[in-house]
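Q:
Number of protein chains: 2
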Amino acid sequence: MREAYKSKLDGLADELATMCEAVGVAIRKATDALLNADLALAEEVISEDLHIDELRNRAEGNAFALLALQAPVATDLRVVVSAIHAGGDLERMGDLALHVASAARRRHPAYVLPDEVKPYFAEMGKEACQLAHKAAEVIRHPEVNKARELDADDDAMDDLHRHMFTVLMSPDWTHGVAAAVDATLLARFYERYGDHAVAVARRMVYVITGEMPSPLEV
Amino acid sequence: MREAYKSKLDGLADELATMCEAVGVAIRKATDALLNADLALAEEVISEDLHIDELRNRAEGNAFALLALQAPVATDLRVVVSAIHAGGDLERMGDLALHVASAARRRHPAYVLPDEVKPYFAEMGKEACQLAHKAAEVIRHPEVNKARELDADDDAMDDLHRHMFTVLMSPDWTHGVAAAVDATLLARFYERYGDHAVAVARRMVYVITGEMPSPLEV
């Protein structure tokens, strides 16, 4: 009985790590679709989001079953509650990747972004993908220092996001309002993606230490 | 013992309904601050967000204690898990109201928005506030039909959001890129606020019926 329980708890962590990897792939592909106006790749991301939603539903179902059947306490309960939260964050990261892909599809065959800002988005895409993969590592091998690293890594994303606004708001912006609106929303999607990855890592700190690093949500 | 348990479950629902009301007030005040360039009101919303965060921490702590000490099953377990999710959604709604207030503070004494689009934001603010208060009602008096109504109500918000983009992207937009970027983000904040209110209501449908209306997250 205890064996089966332990293996279910490990299985839950494994499902979440798999979700991290899936949303990491999703944002990488979505960024490529965005930068290269690649319709087929955009549609791949959009259809694969269903798989991410299924992973989340399965993880949530398993967390619920653990609570109902095993009534975990102490650290185990923190693991399950954190898994419930992390599942929500990860599903949202998948949705944000889907939003990026949808923008690429909407403007196809045109490019969504002017060449001038593409390097920022390439960088944000890289950061986002790395954050997701680091979150997967933290879930598979929980370590407070590594979990805290994500916070610092996300600062790079926030800097890129802030810098994008400086570029958009500058009098040198010559690409018009529509391109600025698209770039504003897209930059916001990447920033939120990073925030959710940090939230997942913070939950892991809570699992390990029993203390929630503030703020609770980013 | 059972009495104390029941009263703790009711207390949890009460805390969430109180949070709904608090975030409803926050978005109403934030909208007024935005439309009237009212710095004092913007700062009120920003400082009151700490109180919303405290409410969330308390609700989360109480949900955790219920799981640890009472090991609820069936409907009671659904209530507690839904409360954990709803707490996250409501805290986020508070953050979004804070973002609106921050925009008002950042541009003060100037107005963030051109007069032309103010009526849309007044309307989005009204819708947002109503969604929060309806979510409070649904938590206090769970009813599937009322919970489902929020979904339909949120369509009005989505229509306003979509319409805002038509206005921003139109060649008639004469207010420049910076105002368009601000309006884009603000409209997004209201839209997300509505989505989170709908997510809270969907969780209540799940509590009542045991079936999660899809999609799990909006």
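Chains as they are written, first to last, in this note's numbering: chain A, 1 to 218; chain B, 1001 to 1218. Backbone N, C-alpha and C define an ideal beta-carbon position, used for all residues, glycine too. Keep in mind it's a predicted model, so treat the numbers as computed, not measured.
1. Can you tell me whether K1008/B is helix, strand or coil according to DSSP?
2. Rounded to the nearest angstrom, what separates K146/A and A1033/B at their Cα positions?
3. Do you know how far the Cα of P109/A is from the Cα of D1158/B?
4. Return the chain-ordered list of same chain residues with a C-beta closer than 7 Å to the C-beta of F1121/B, the five sequence neighbours on each side being excluded.
5. Using a Cβ-Cβ distance cut-off of 8 Å, determine whether L216/A contacts chain B.
6. Output needed in chain order: residues of the region 162–178 of chain A with a Cβ under 8 Å from some Cβ in chain B.
7. May I have the straight-line CA-CA distance separating I1046/B from S1102/B, to the nearest angstrom?
8. By how many angstroms is the C-alpha of D151/A removed from the C-alpha of I1208/B?
9. Drop a sphere of 10 angstroms on the beta-carbon of L69/A, count the other beta-carbons inside from all chains shown, and report buried for 16 or more, exposed for fewer.
10. Does any residue of chain B bring its CB to less than 8 Å from the CB of A68/A?
11. What is the C-beta distance between L1219/B and R1105/B, in whole angstroms, given that I count them as a contact (C-beta under 8 Å)?
12. Let me check understanding here. Comparing Cα to Cα, which of A37/A, G87/A, L12/A lies closest to D115/A?
13. Use the C-beta contact count for P72/A: other C-beta atoms within 10 angstroms, 16 or more gives buried, fewer gives exposed.
14. Which residues in the same chain have their Cβ closer than 8 Å to the Cβ of R78/A, if we skip the five residues on either side of it in sequence?
15. What's the C-alpha gap between L216/A and L1055/B?
16. Between H1085/B and chain A, is there a C-beta pair that is closer than 8 Å?
17. Is V1081/B near F64/A, with beta carbons less than 8 Å apart?
18. For the region 176–209 of chain A, which residues have a CB atom closer than 7 Å to at least one CB atom of chain B, in sequence order?
19. Would you check if there are 3 or more beta carbon pairs closer than 8 Å linking the region 195–206 of chain A to the region 119–138 of chain A?
20. Compare the C-beta of A1040/B against all C-beta atoms of chain A and say whether one is closer than 8 Å.
21. Is there a C-beta anywhere in chain E that falls below 8 Å from the one on F121/A?
22. Could you give the first and the last residue of the continuous alpha helix (DSSP H) run that contains D1151/B?
23. Which whole-angstrom value is the C-beta distance of L67/A and K8/A, which I expect to be below 8 Å?
24. Please name the residue in A179/A, G24/A, D76/A whose C-alpha comes closest to that of R92/A.
25. Here's the rule: buried if 16 or more other CB atoms are within 10 angstroms of the residue's CB, otherwise exposed. What is T1174/B?
26. Report buried or exposed for L1050/B, applying the criterion of at least 16 other Cβ atoms within 10 angstroms of its Cβ.
27. By Cβ distance, which residues of its chain are closer than 8 Å to R1148/B, with the 5 residues on each side in sequence left out?
28. For the putative contact between L1168/B and A1156/B, defined by C-beta atoms under 8 Å, what is the C-beta separation to the nearest angstrom?
29. With distances taken Cα to Cα, identify the nearest neighbour of A1026/B among G1094/B, A1086/B, P1171/B.
30. Comparing C-alpha positions only, which one of E21/A, E43/A, D76/A sits nearest to R2/A?
31. Does any CB atom of chain A fall closer than 8 Å to the CB of G1071/B?
32. Please classify G125/A: is it buried, with 16 or more other beta-carbons within 10 angstroms of its beta-carbon, or exposed?
A: Well, looking at it:
1. helix
2. Going from the Cα of K146/A to the Cα of A1033/B covers about 41 Å.
3. 26 Å
4. T1031, L1034, L1035, L1113, L1186
5. At L216/A, the pLDDT of 45 sits below 50, so the modelled position is not reliable; the number obtained from the coordinates is stated separately. Cβ-Cβ to chain B under 8 Å: yes for L216/A.
6. F165, L168, M169, W173, G176, V177, A178
7. 7 Å
8. Taking C-alpha positions only, I1208/B is separated from D151/A by approximately 38 Å.
9. exposed
10. yes
11. No information on residue 1219/B is available, as it lies outside the stretch 1001 to 1218 that chain B covers here.
12. Considering only alpha carbons, the answer is A37/A.
13. buried
14. Y206, V207, G210
15. Because the pLDDT of L216/A is 45, which lies under 50, any placement of that residue in the model is unreliable, and the number read from its coordinates should be weighed accordingly. CA-to-CA, the gap between L216/A and L1055/B works out to about 12 Å.
16. Interface with chain A (8 Å Cβ-Cβ cutoff): H1085/B is included.
17. Yes; because the gap between Cβ atoms is below 8 Å, this pair is in contact.
18. V177, A178, A180, V181, T184, L185, R188
19. yes
20. no
21. As a matter of chain content, chain E is missing from the structure shown, whose protein chains are A and B.
22. In the DSSP assignment, D1151/B falls within the unbroken alpha helix (DSSP H) covering 1144–1169.
23. The Cβ separation is near 11 Å, so there is no contact.
24. G24/A
25. exposed
26. exposed
27. A1201, V1205, P1213
28. Not a contact, Cβ separation roughly 19 Å.
29. G1094/B
30. D76/A
31. A small correction: the amino acid at residue 1071/B is Ala; Gly does not occupy that position in the sequence shown. At least one chain A Cβ lies under 8 Å of A1071/B.
32. buried
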